[in-house]
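Student: Numbered by the UniProt record's numbering, the letters in the sequence shown go through residues 1 to 85 in order.
Even glycine gets a Cβ: it sits at the ideal position worked out from N, Cα and C.
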Amino acid sequence: MEEILLRAIIEYCTHNTAHGTEEIMDKLRQLPDCEVYEYGCLTSCGLCYLSPYALVNGESVEGETAEALYNQIMIKIQEIRLIED
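1. With respect to the alpha helix (DSSP H) encompassing E64, which residues constitute its N-terminal and C-terminal limits?
2. Can you name, in chain order, every residue of its own chain whose Cβ lies under 7 Å from the Cβ of N16, other than the five neighbours on each side?
3. At what residue ranges does the segment 13-44 contain a whole run of the alpha helix (DSSP H), taking only runs of 4 or more?
4. Hey, V56 and A8 are a contact pair by Cβ (cut 8 Å); roughly how many whole angstroms apart?
5. Can you tell me the Cα-Cα spacing of I24 and I77, whole angstroms?
6. From D26 to I83, what distance separates their C-alpha atoms?
7. Are G40 and T14 close, meaning C-beta to C-beta below 7 Å?
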């Protein structure tokens, strides 16, 4: 049986980088089971304006700070890893 590697697809908006999201996305790019995509817009302007946020496998994840967002994304990644095991 072929092993299927589940990957975390992380999407973020370039307009949200004012909250410091670019630095955490650079950290996430280093993880072998993550794919990080940058878009000009994710059509969630309300979220983008208010706080750091990203989509993880299509699900919105937010944090009060960029570091809090990173922690929330890591929780989602751990959930994906658990599904894989």
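Tutor: Inspection of the coordinates gives the following:
1. Here residue 64 is taken as the residue at index 64 of the sequence shown, counted from 1. That residue, E64, is in no alpha helix (DSSP H); it is neither H nor E in DSSP.
2. As a working mapping, residue 16 is identified with position 16 in the sequence shown. Answer for N16: C48, P52 and Y53, listed in chain order.
3. Runs found: 21-29.
4. Position 56 of the sequence shown holds residue 56. Position 8 of the sequence shown holds residue 8. That belief holds up - the Cβ atoms of V56 and A8 are roughly 6 Å apart, short of 8 Å.
5. Reading the sequence shown from its first residue, position 24 is the one you call residue 24. Reading the sequence shown from its first residue, position 77 is the one you call residue 77. Approximately 14 Å between the Cα atoms of the pair.
6. If you number the sequence shown from 1, residue 26 lands on position 26. If you number the sequence shown from 1, residue 83 lands on position 83. For D26 and I83, the distance between alpha carbons rounds to 25 Å.
7. What you label residue 40 is simply residue 40 of the sequence shown in a count that begins at 1. What you label residue 14 is simply residue 14 of the sequence shown in a count that begins at 1. Going by C-beta atoms, G40 is nearer than 7 Å to T14.
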